[in-house]
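A.B. asks:
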Amino acid sequence: MSNDGIFSAPRFPVDKALLLARLREHLPAHSLLVDKEDVRPYECDGMMAYRQMPLIVALPESEAQAQAVVRVCSALKVPMIPRGAATGLSGGALPHADGVVVSLARLKKIVRIDPLARTAVVQPGVRNLAVSEAAAPYGLYYAPDPSSQIACSIGGNVAENSGGVHCLKYGLTVHNVLRIRGLTAAGEIVEFGNAALDAAGYDLLALNIGSEGMLALVTEVTVRLTPKPELAQVIVASFAEVSKAGDAVAGIIAAGIIPAGLEMMDRKAIHAVEPYAKAGYDLEAEAILLCESDGTPEEVGEEVARMRAVLERCGASMIRVSQSEAERLKFWAGRKAAFPAVGRITPDYLCMDGTIPRKSLAHMLLAIAEMEQRYGLRCANVFHAGDGNLHPLIMFDANLPGQLERATAFGGEILELSVELGGTITGEHGVGVEKLTQMCAQFTPDELEIFHAVKRAFDPDGLLNPGKVIPTIARCREYRLTHSVDSAVGMSADQTLVKV
Amino acid sequence: MNGPFDPCLARWSERIRSATTERKPLRLRGGGSKDFYGQALSGELFDTREYAGLAAYEPTELVVTARCGTPLAELEAALAEKGQSLAFEPPHFGPAATVGGCLAAGLAGPRRARVGAVRDFVLGVKLIDGQGRLLNFGGQVMKNVAGYDVSRLLAGSLGTLGLVVEVSFKVLPVALAEQTLRFDLPGENSQSLALARLNEWGGQPLPISASAWVDDTLHVRLAGASAAVCAAAQKLGGQRVAADQASAFWISLREHSHGFFAVRAAALWRLSVPATTPALPLPGAQFVEWGGAQRWLHASSPAEHQAIRQAAAQAGGHATLFRADPETKAAVGVFQPLAAPLARIHRELKAAFDPHGVFNPGRMYAEF
Ligand SMILES: Cc1cc2nc3c(=O)[nH]c(=O)nc-3n(C[C@H](O)[C@H](O)[C@H](O)COP(=O)(O)OP(=O)(O)OC[C@H]3O[C@@H](n4cnc5c(N)ncnc54)[C@H](O)[C@@H]3O)c2cc1C
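Sequences listed follow chains W and L, in order.
For our numbering, count along the first sequence from 1 and bump the result up by 5.
For our numbering, count along the second sequence from 1 and bump the result up by 38.
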């Protein structure tokens with residue numbers, strides 16, 4: 006096994022001609038991409054700083070075809086990289102030089118919606134929003150709503166345990182999926198969970214959700230649908246100080262309220278978003294909070310009044326409550342467009358995803374402001390404040406020498422501080438290849454060994470998404486050597502980035 | 039402190055290591071309130087109650103971290119003081135129930151269909167594995183996808199994967215208002231009628247936090263903002279049950295002190311099925327919870343046991359022999375048998391955490 010120089014993925018000796026011949030026995034020509042120009046669009050996912058051309062891209066159109074692909078790869082010991090809509094932000098779907106990208110994009114049937122049982126059975130390539138659209142006639146929807154929901158796939162959501170702006174109240178993907186059907190790396194069909202609320206044995210369903218395509222290739226998902234609330238209203242509150250906004254977040258929770266959404270944006274994010282999305286945000290504010298309430302009209306009235314009282318007590322300088330569904334959507338549109346809006350004002354940006362205890366929000370923001378100075382890069386902040394999940398967006402220009410490296414180090418430092426504050430390096434975007442280094446900060450060698458053993462329980466040959474998510478023990482040993490116990494800065498010593 | 043140098047944990051780790059070297063299995067046990075649950079008990083008794091107390095509790099973070107030996111009642115009291123609770127309403131099955139046992143058994147009470155099960159509220163665990171290593175997975179934050187979700191895997195693993203020494207749970211505020219409604223549904227179709235209503239209501243944005251049908255009577259509990267509870271009570275009708283009576287009723291379900299569970303001559307089965315599964319054509323009285331997704335019934339003959347397992351599987355769920363004598367458990371198996379690839383994955387996972395099989399051997403499935 007040698008190193009391919011991108012993220013230390015193990016290499017596999019592969020006979021491409023033989024592999025292709027075998028795959029052609031099962032898949033029609035239009036389902037196999039081999040030529041450079043055809044596979045080029047697959048060289049990266051939403052984490053565009055990392056690119057790698059795959060050997061072959063397979064686009065199965067049925068579970069049977071997917072199974073055939075997996076069986077061929079398994080027999081020939083060829084890496085398989087599951088891929089949904091490629092909106093992932095940590096390089097989870099980054100191809101492997103010796104591997105087959107297995108795109109599930111063509112498995113996009115909504116198999117069944119059962120309004121009485123409030124479930125939908127869908128193929129993995131179905132877009133997140135398409136599920137809610139299909140359920141809408143029954144007064145139901147699929148609750149997890151990542152900002153990428155018009156594009157991202159349910160298979161990708163399952164792999165990343167994706168959240169959204171409503172997950173404090175409605176849960177993450179893991180709370181809204183009843184069953185997944187999939188293929189092991191050997192091509193066996195497996196089902197985790199079932200149509201009931203629990204299954205016998207270990208909770209393999211929970212274990213697979215958020216496993217980033219490392220344990221099984223998902224071919225079908227049963228999701229739980231939620232009755233649409235009669236009414237939803239959002240409050241937009243401005244604050245002249247970031248720390249006051251942070252206190253207000255804690256205050257709302259302390260008042261015993263679980264808002265349907267509780268989001269925060271700082272001044273830089275507001276200023277990036279406003280000209281682009283025209284959401285009507287307060288440009289004078291240092292931070293704004295979006296606090297949503299949903300339920301029956303009586304319930305919403307009661308909760309909005311209670312939240313308003315807390316916000317006022319915490320020193321909000323302006324409070325607006327959406328007066329119509331159109332206005333509510335407008336207020337949210339700004340938040341949901343935050344990433345592309347920042348993308349407009351900078352050539353490149355890195356989106357971080359640490360999660361910290363809510364009480365440390367202000368501390369983290371101050372630390373980030375200091376890092377901006379030190380690294381000479383700007384950072385806009387968007388938070389799922391209710392969950393303590395941060396999305397600092399570090400702006401840089403990859404064409405300027407050293408900037409990508411600086412941005413990466415900046416991001417690494419934020420993640421390491423997240424761990425120090427009692428949090429985690431990734432709340433919802435996954436480790437992929439991006440945060441392999443920081444995994445060494447979060448886990449001990451013993452814990453990593455358990456992760457590797459879990460992987461082997463599903464995939465003994467290490468063919469599904471090799472080299473991702475769980476760093477090798479050797480890599481972490483190196484990391485520890487370069488990070489003396491009290492070193493503050495998280496330069497990724499062994500992260501070899503290929504700049505494009 | 040609760041770090042790796044805690045003397046109790048150091049001693050425990052040592053004991054596990056020597057159990058491993060001597061190949062002497064251990065039987066992990068908190069208060070023993072759930073000794074009845076699962077396959078036969080075996081191994082040398084390992085009492086987890088020494089490591090007790092809350093390690094951290096910050097109400098505004100909605101997170102509590104408790105050591106395994108903490109009495110469940112003590113944890114709940116601490117939360118109640120701050121107007122919060124374990125939303126999944128774990129059954130205690132006796133005053134001795136501990137937090138570790140609650141996680142390991144993975145059992146949830148009446149609110150399960152509304153809010154989720156134990157695993158849905160687990161944020162992190164600290165455990166000692168079969169090699170005596172102290173490991174941390176997950177954490178104290180709401181969202182965490184770093185590495186595989188080992189903490190949720192441990193919920194309901196019946197102590198077969200490791201000794202969980204500390205758990206962090208997401209906690210929720212207690213509902214501002216509650217109202218239980220009672221509907222008398224006499225007649226042959228009582229259960230079908232109840233199931234139809236529950237499923238119809240389940241599809242509407244109603245604040246239903248629990249439901250139960252037994253003895254031709256349907257109980258529904260509403261919980262949430264007072265305005266929402268009032269509006270829903272008006273809409274659903276039925277008779278309003280007084281608060282103290284209602285609370286006693288739901289506790290009697292959770293703790294199996296309700297008259298239905300008094301039948302001790304026969305084995306008690308728990309069926310976990312899709313909520314829309316029609317009334318099961320099985321003999322004897324049935325008890326429906328969780329909007330139709332959990333059903334209890336009694337059985338005594340081998341043919342009946344077989345019929346129950348089959349009916350649950352056919353409906354798309356599974357059946358657990360919840361309470362039975364050791365001979366019946368051995369003959370029938372407590373948990374639904376696993377499909378071959380899943381059984382293999384289970385064995386491999388067991389080997390990953392507990393390579394020498396020292397933790398609760400055979401408690402879940404005879405093979406491990
Ligand atoms: C603008 C923008 C906003 C975003 N907002 C959010 C947000 O609010 N919340 C959030 O959680 N995320 C967000 N994301 C991240 C991303 O959209 C999610 O991680 C999403 O779930 C990825 O889905 P995908 O279909 O694009 O997966 P991909 O990127 O194709 O793949 C992601 C991972 O899943 C694996 N995978 C994909 N399909 C399968 C399958 N069928 N079986 C097994 N493994 C599979 C891949 O191997 C890879 O590891 C955002 C991304 C963007 C670009």
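Even glycine gets a Cβ: it sits at the ideal position worked out from N, Cα and C.
A quick note: this is a predicted structure, and the numbers were derived from the prediction, not measured.
Which of helix, strand or coil does DSSP assign to Thr315/L?
C.D. replies: Note: Thr315/L maps to coil in three-state DSSP.
A.B. asks: Which residues, taken in chain order from the stretch 195–214 of chain L, show a beta carbon closer than 7 Å to some beta carbon of chain W?
C.D. replies: Answer in chain order: Ser195, Leu210, Pro211.
A.B. asks: Per DSSP, what kind of secondary structure is Gln229/L in: helix, strand or coil?
C.D. replies: Here Gln229/L sits in helix by DSSP.
A.B. asks: Counting only Cβ pairs nearer than 9 Å, list the residues of chain L close to Leu398/W.
C.D. replies: Per Cβ cutoff of 9 Å: no residues; Leu398/W is ~18 Å from chain L at best.
A.B. asks: What are the start and end residues of the beta strand (DSSP E) that includes Ala374/W?
C.D. replies: Taken as a continuous stretch (DSSP letters only), Ala374/W belongs to no beta strand (DSSP E), being part of the alpha helix (DSSP H) at 366–380.
A.B. asks: Quick one: Cα of Ala255/W to Cα of Val315/W, how far?
C.D. replies: Rounded to the nearest angstrom, the two C-alpha atoms are 10 Å apart.
A.B. asks: Is any non-hydrogen atom of ligand 1 found closer than 6 Å to the C-beta of Asn162/W, if you look at the structure I gave you?
C.D. replies: For ligand 1, at least one heavy atom lies less than 6 Å from the Cβ of Asn162/W.
A.B. asks: Looking at the unbroken beta strand (DSSP E) that takes in Glu216/L, where does it start and where does it end?
C.D. replies: Glu216/L -> beta strand (DSSP E) spans 215–222.
A.B. asks: Along chain L, in chain order, which residues have C-beta atoms closer than 7 Å to that of Tyr207/W?
C.D. replies: The answer, in chain order, is Leu191, Ser195, His384, Leu387.
A.B. asks: Using a Cβ-Cβ cutoff of 7 Å, what residues of the stretch 234–258 of chain L are near chain W? List them in chain order.
C.D. replies: Result list: Asn237, Gly240, Gly241, Gln242, Pro243.
A.B. asks: Can you list, in chain order, the residues of the stretch 113–142 of chain W whose Cβ is nearer than 7 Å to any Cβ on chain L?
C.D. replies: Going along the stretch 113–142 of chain W in chain order, one finds Pro120, Leu121, Ala122, Arg123 with a Cβ nearer than 7 Å to chain L.
A.B. asks: According to a CB-to-CB cut-off of less than 7 Å, which residues of the stretch 107–132 of chain L neighbour chain W?
C.D. replies: So the list reads Gly121, given in the order they occur along the chain.
A.B. asks: Since Ala142/L and Ser195/L should fall inside the 8 Å C-beta cutoff, what is the C-beta to C-beta distance between them, to a whole number of angstroms?
C.D. replies: Contact holds; Cβ gap of about 7 Å.
A.B. asks: Looking at chain L, is there any beta carbon in it that lies within less than 7 Å of the beta carbon of Ser216/W?
C.D. replies: So yes, Ser216/W belongs to the interface.
A.B. asks: Is any beta-carbon of chain L found at less than 7 Å from that of Ala498/W?
C.D. replies: Any reading at Ala498/W is ruled out, since the residue's pLDDT is 32, under 50, leaving its predicted position unreliable.
A.B. asks: Determine, using beta carbons only, whether Asn182/L comes closer than 7 Å to chain W.
C.D. replies: So yes, Asn182/L belongs to the interface.
A.B. asks: Taking 7 Å as the CB-CB cut-off, is Thr407/L touching chain W?
C.D. replies: Residue 407/L is absent from the structure shown; chain L starts at 39 and stops at 406.
A.B. asks: If you draw a straight line from the alpha carbon of Ser36/W to that of Val136/W, how long is it in whole angstroms?
C.D. replies: In a straight line, the C-alpha of Ser36/W is about 25 Å away from that of Val136/W.
A.B. asks: At a CB distance below 8 Å, what residues from the stretch 145–177 of chain W approach chain L? Give them in sequence order.
C.D. replies: So the list reads Leu145, Glu165, Asn166, Gly168, Cys172, Leu173, Gly176, Leu177, given in the order they occur along the chain.
A.B. asks: The beta strand (DSSP E) that contains His356/L, what's its start and end?
C.D. replies: Looking at the DSSP string, the run of the beta strand (DSSP E) that includes His356/L is 356–361.
A.B. asks: Taking only beta-carbon positions, decide if Arg171/L is within less than 7 Å of chain W.
C.D. replies: It does: the Cβ of Arg171/L has a partner Cβ on chain W nearer than 7 Å.
A.B. asks: What's the call for Val503/W, buried or exposed, on a 16-neighbour Cβ count within 10 Å?
C.D. replies: The pLDDT assigned to Val503/W is 34, lower than 50, so where the model puts this residue is not dependable; a value taken from the coordinates is nonetheless given after this. It counts as exposed.
A.B. asks: Please confirm whether Glu421/W has its beta-carbon closer than 7 Å to some beta-carbon of chain L.
C.D. replies: No, Glu421/W does not count as interfacial toward chain L.
A.B. asks: Looking at C-beta atoms only, is the number of pairs between the stretch 303–319 of chain W and the stretch 261–278 of chain W that lie closer than 8 Å three or more?
C.D. replies: At 8 Å Cβ cutoff, the stretches touch.
A.B. asks: With 8 Å as the limit, tell me which residues of the stretch 424–438 of chain W have their beta carbon closer than that to any beta carbon of chain L; keep them in chain order.
C.D. replies: The stretch 424–438 of chain W vs chain L, Cβ under 8 Å: Gly427, Gly428, Thr429, Ile430, Thr431, Gly432, Glu433, His434, Gly435, Val436.
A.B. asks: Trp251/L lies in the beta strand (DSSP E); which residues open and close that run?
C.D. replies: First-last of the beta strand (DSSP E) with Trp251/L: 246–252.
A.B. asks: Let me check understanding here. Comparing Cα to Cα, which of Glu327/L, Gly262/L, Lys367/L lies closest to Ser310/L?
C.D. replies: Comparing Cα-Cα distances from Ser310/L to each of Glu327/L, Gly262/L, Lys367/L, the minimum goes to Glu327/L.
A.B. asks: Quick one, which of Glu268/W, Leu222/W, Val195/W has its alpha-carbon nearest Val2/W's?
C.D. replies: Given that chain W is displayed from residue 6 to residue 505, the structure contains no residue 2/W and the question cannot be resolved.
A.B. asks: Determine the contact status of Gly427/W and Asp358/W, defining contact as a CB-CB distance below 7 Å.
C.D. replies: It is not a contact, given that the beta carbons lie outside the stated cut-off.
A.B. asks: Along the chain, where does the beta strand (DSSP E) containing Arg117/W start, and where does it finish?
C.D. replies: Here the beta strand (DSSP E) through Arg117/W covers 115–119.
A.B. asks: If we require 3 or more residues per run, which beta strand (DSSP E) segments fall completely within the stretch 123–193 of chain L?
C.D. replies: DSSP runs (the beta strand (DSSP E)) wholly in the stretch 123–193 of chain L: 160–166, 172–176.
A.B. asks: Quick check on the burial criterion: 16 or more other C-beta atoms within 10 angstroms. Buried or exposed for Ala80/L?
C.D. replies: Going by the sequence as given, residue 80/L is Ser instead of Ala. Answer is exposed; the Cβ neighbour count stays below 16.
A.B. asks: Could you tell me whether the Cβ of Thr98/L comes closer than 7 Å to any Cβ of chain W?
C.D. replies: True, the Cβ-Cβ gap to chain W drops below 7 Å.
A.B. asks: If we ignore side chains and look at the alpha-carbon of each, how far apart do Gly395/L and Tyr207/W end up?
C.D. replies: Cα-Cα distance, rounded: 16 Å.
A.B. asks: Using a Cβ cut-off of 8 Å, pull out every chain L residue sitting near Met444/W, in sequence order please.
C.D. replies: Ordered by position in chain L, the residues that pass the 8 Å Cβ test against Met444/W are Ala184, Gly185.
A.B. asks: In angstroms with no decimal places, state the Cα-to-Cα distance between Glu42/W and Leu220/W.
C.D. replies: Approximately 30 Å, taken between the alpha carbons.
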